[in-house]
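Scroll down for the structure; my scribbles are underneath it.
There are 2 protein chains.
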Amino acid sequence: MNTSLAITNRSLHDQVANRVRDLIIEGVLEPGSRIDEAGLIEELGVSRTPFREALRTLAAEGLVIVRPSKGSVVRKLTPEDVFAMLEVLGHLEQLAGELACARATDREIAELADLHDRMLDHYRTRDRMPYYKLNQEFHSRLTELSKNETLQDMQRNLQARLKRIRYIGNQRPEYWAGAVEDHEAMVVALKARDGKRLGQAMAQHIANTWDRVKDSI
Amino acid sequence: MNTSLAITNRSLHDQVANRVRDLIIEGVLEPGSRIDEAGLIEELGVSRTPFREALRTLAAEGLVIVRPSKGSVVRKLTPEDVFAMLEVLGHLEQLAGELACARATDREIAELADLHDRMLDHYRTRDRMPYYKLNQEFHSRLTELSKNETLQDMQRNLQARLKRIRYIGNQRPEYWAGAVEDHEAMVVALKARDGKRLGQAMAQHIANTWDRVKDSI
DNA sequence: TAGGTGCATTTTGTATACACGTAGCAAAAA
DNA sequence: TTTTTGCTACGTGTATACAAAATGCACCTA
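In order, the protein sequences belong to chains S and R.
When the letters of the first sequence are read in order and numbered with my numbering, they come out as residues 411 to 627.
When the letters of the second sequence are read in order and numbered with my numbering, they come out as residues 411 to 627.
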């Protein structure tokens with residue numbers, strides 16, 4: 411097992427991929443804009459080879475599009491794209507919910523409930539950023555409880571691609587309240603280990619997400 | 411519009427990625443074995459740069475694993491991996507089935523039924539290879555009918571990663587018969603546009619697939 | 001003989017140079 | 001004035017060279 415004190419020593423292209431991924435998610439690199447290879451390698455202080463390898467990774471993840479001989483652009487999501495992705499994400503999280511109820515330990519469920527409580531604290535004080543961060547973690551952790559590696563990979567991928575949009579989506583207070591309610595229902599179902607209900611709740615939560623974000627794309 | 415007679419002019423790394431992907435799927439490169447960079451670039455007649463970019467793509471697809479400074483290996487699937495992937499694939503195809511019933515045109519449904527009939531012909535004459543190829547196409551086409559791009563991407567990805575195993579799985583005649591029955595049920599449900607039933611049938615089909623392949627991993 | 005250390009070889013990782021394709025602009029012709 | 005054609009500059013694609021890390025082997029020591 412590869413734990414704690416191992417020196418990560420990640421390869422350059424991995425680091426570059428992570429860095430550029432963040433730049434895209436944070437919106438520093440705007441959707442639809444060309445990726446200035448020369449400019450970025452200058453700024454990151456790396457050469458073209460690892461940078462281009464990183465680009466290929468991001469392309470496979472669906473964050474950028476490489477057009478042969480025409481350079482790369484940050485993928486711009488159409489409303490249709492977002493809808494399609496949410497449709498799939500909703501279904502995946504439904505599965506995750508069902509599996510979690512069947513496979514999670516009591517301890518794991520308690521930990522997630524804890525996390526939810528901390529989210530509520532942030533909600534009460536209206537601290538959007540910490541709430542948002544915990545929210546990402548909530549969904550990730552719940553998916554982990556499915557104990558299905560592939561499911562986690564795909565959930566992570568979709569979550570990353572939708573990150574920006576979901577952040578924008580929860581701007582309006584009434585939307586935020588709705589999201590919190592959804593989560594409440596999810597935690598109740600999980601505690602009761604009611605797989606069907608949790609699955610429904612998660613699918614519904616994602617469906618609601620569409621309503622919350624559709625106007626801000 | 412970029413139609414028919416455009417010269418594809420795909421970049422080298424794309425071609426390499428496709429080629430190596432096939433080599434892995436066909437089993438020429440055995441699961442768990444190291445990928446001999448020097449040897450392969452020799453054989454493919456390309457240099458290291460495009461080859462390594464291709465590797466990064468395949469890594470993102472989950473077909474190979476790159477260990478920093480230690481080279482790449484063809485990912486070997488454990489039974490747990492396969493089970494997890496089928497669990498997800500089943501759920502995705504369930505969604506695909508439901509959406510297809512809602513969104514496909516009559517013509518598209520008829521075409522798929524046609525494809526199914528051709529599969530039956532191959533089944534009757536026990537032509538495994540052409541049956542197998544049509545089978546892949548059947549699932550791809552049905553997923554297309556969902557009109558959900560993301561869903562198609564993910565289905566394609568999982569299908570590619572499982573390709574070998576599913577081919578091995580249908581060796582035994584009684585298994586093959588079972589798979590044909592599953593398909594029969596799917597086509598009936600699709601024709602009736604009974605989304606729930608088609609979804610169930612597809613999920614069941616994938617679940618059955620696990621029984622068919624689990625002993626040959 | 002077993003275990004460890006250091007060196008040599010092989011393999012991987014990164015940088016850079018060169019070649020090719022694309023796009024934009026200017027000049028000429030209609 | 002508009003369209004077409006050729007040239008140029010820029011950016012991308014590929015190859016290769018160099019650097020760093022890892023593996024394997026021989027030799028030394030306990």
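All C-beta atoms, glycine included, are put in the ideal place defined by N, C-alpha and C.
Given the structure is predicted, the values throughout are model-derived calculations rather than measurements.
Proximal residues to residue i (C-beta, below 6 Å), its chain only, five neighbours per side dropped
{"i": "S/Gly632", "result": "Residue numbering for chain S in the displayed model covers 411 to 627; residue 632 of chain S lies beyond these limits and cannot be assessed."}
{"i": "S/Ala514", "result": "Leu555"}
{"i": "R/Pro441", "result": "Val484 and Lys486"}
{"i": "S/Leu433", "result": "Leu439"}
{"i": "R/Ile445", "result": "Ser482"}
Selection from the options that minimises the alpha carbon distance to residue i
{"i": "R/Lys606", "options": "R/Ala448, R/Ser482 and R/Ala510", "result": "R/Ala510"}
{"i": "S/Arg595", "options": "S/Ala613, S/Arg444 and S/Leu555", "result": "The identity of residue 595 of chain S in the sequence shown is Ala, whereas the question assumes Arg. Closest option to S/Ala595, Cα to Cα, is S/Ala613."}
{"i": "S/Arg429", "options": "S/Leu450, S/Leu496, S/Glu497 and S/Ser443", "result": "S/Leu450"}
{"i": "R/Asn589", "options": "R/Leu439, R/Lys557, R/Thr560 and R/Tyr541", "result": "Here residue 589 of chain R is Ala; the residue named in the question, Asn, does not match the sequence. Taking only the C-alpha atoms, the option nearest R/Ala589 is R/Tyr541."}
{"i": "S/Leu530", "options": "S/Ala494, S/Glu521, S/Val623 and S/Glu591", "result": "S/Glu591"}
{"i": "S/Glu471", "options": "S/Arg603, S/Arg462 and S/Arg431", "result": "S/Arg431"}
{"i": "S/Glu584", "options": "S/Arg462, S/Arg622, S/Leu439 and S/Leu473", "result": "S/Arg622"}
{"i": "R/Ser479", "options": "R/His615, R/Gln546, R/Glu447 and R/Leu454", "result": "R/Glu447"}
{"i": "S/Arg576", "options": "S/Ala587, S/Arg603, S/Lys557 and S/Ile616", "result": "S/Ile616"}
{"i": "S/Arg603", "options": "S/Asp516, S/Ser443, S/Asp424 and S/Glu521", "result": "S/Asp516"}
Residue burial classification, residue i (beta-carbon count within 10 angstroms, cutoff 16)
{"i": "R/Asp491", "result": "buried"}
{"i": "S/Arg536", "result": "exposed"}
{"i": "R/Arg458", "result": "exposed"}
{"i": "R/Pro460", "result": "buried"}
{"i": "S/Asn412", "result": "Annotation note: pLDDT 32 at S/Asn412 (below 50); position unreliable, no value reported."}
{"i": "S/Arg534", "result": "exposed"}
{"i": "R/Arg462", "result": "buried"}
{"i": "R/Glu453", "result": "exposed"}
Contact with chain S by residue i, beta-carbon distance below 9 Å
{"i": "R/Ser479", "result": "yes"}
{"i": "R/Asn558", "result": "yes"}
{"i": "R/Gln610", "result": "no"}
{"i": "R/His423", "result": "yes"}
{"i": "R/Ala470", "result": "yes"}
{"i": "R/Gln569", "result": "no"}
{"i": "R/Thr467", "result": "yes"}
Cut-off 7 Å between Cβ atoms - residues of its own chain near residue i, not counting five sequence neighbours on either side
{"i": "S/Ala512", "result": "Gly605"}
{"i": "S/Ala427", "result": "Ala464, Thr467 and Leu468"}
{"i": "S/Trp620", "result": "Phe493 and Leu496"}
{"i": "S/Ile435", "result": "Ala570, Lys573 and Arg574"}
{"i": "S/His532", "result": "Pro540, Tyr541 and Leu544"}
{"i": "S/Ile475", "result": "Ala469, Ser482, Val483 and Arg485"}
{"i": "R/Lys624", "result": "Pro489"}
{"i": "R/Leu561", "result": "Leu502, Leu505, Ala506 and Thr553"}
{"i": "S/Ile601", "result": "First, the amino acid is wrong: residue 601 of chain S is Lys here, not Ile. Closer than 7 Å at the Cβ level, and outside the excluded window around S/Lys601, lie Ile519 and Ala523."}
{"i": "R/Gly437", "result": "Arg574"}
{"i": "S/Arg528", "result": "Leu544"}
{"i": "R/Asn558", "result": "Leu509"}
8 Å CB neighbourhood of residue i in its chain, flanking five on each side removed
{"i": "R/Thr488", "result": "Ile627"}
{"i": "R/Val456", "result": "Leu422 and Val426"}
{"i": "S/Ala629", "result": "With chain S covering only 411 through 627, there is no way to say anything about residue 629 of chain S."}
{"i": "S/Arg477", "result": "Val483"}
{"i": "S/Gln358", "result": "Residue coverage of chain S in this structure runs from 411 to 627, which leaves residue 358 of chain S outside it and unanswerable."}
{"i": "S/Gln581", "result": "Ser626"}
{"i": "R/Glu547", "result": "Leu525"}
{"i": "S/Asn567", "result": "Glu471 and Gly472"}
{"i": "S/Ile578", "result": "Val623 and Ser626"}
{"i": "R/Ser443", "result": "Val483 and Val484"}
Below-9 Å beta-carbon distance, residue i vs any chain R residue
{"i": "S/Glu453", "result": "no"}
{"i": "S/Met564", "result": "yes"}
{"i": "S/Gln614", "result": "no"}
{"i": "S/Ser482", "result": "no"}
{"i": "S/Leu415", "result": "For S/Leu415, the predicted structure reports a pLDDT of 42, less than 50, and the residue's modelled location is therefore unreliable. The matter cannot be settled from this model."}
{"i": "S/Val498", "result": "yes"}
{"i": "S/Met411", "result": "Bear in mind that the predicted position of S/Met411 carries a pLDDT of just 35, short of 50, making it unreliable; the figure below should be weighed with that in mind. No, no contact with chain R."}
{"i": "S/Arg528", "result": "no"}
{"i": "S/Asn618", "result": "no"}
{"i": "S/His501", "result": "yes"}
{"i": "S/Glu490", "result": "yes"}
{"i": "S/Val476", "result": "yes"}
{"i": "S/Leu505", "result": "yes"}
{"i": "S/Arg420", "result": "yes"}
{"i": "S/Ala494", "result": "yes"}
{"i": "S/Arg462", "result": "yes"}
Heavy atom of the ligand MN within 8 Å of residue i beta-carbon
{"i": "R/Asp625", "result": "Among the components modelled here there is no ligand, and therefore nothing to report on the ligand MN."}
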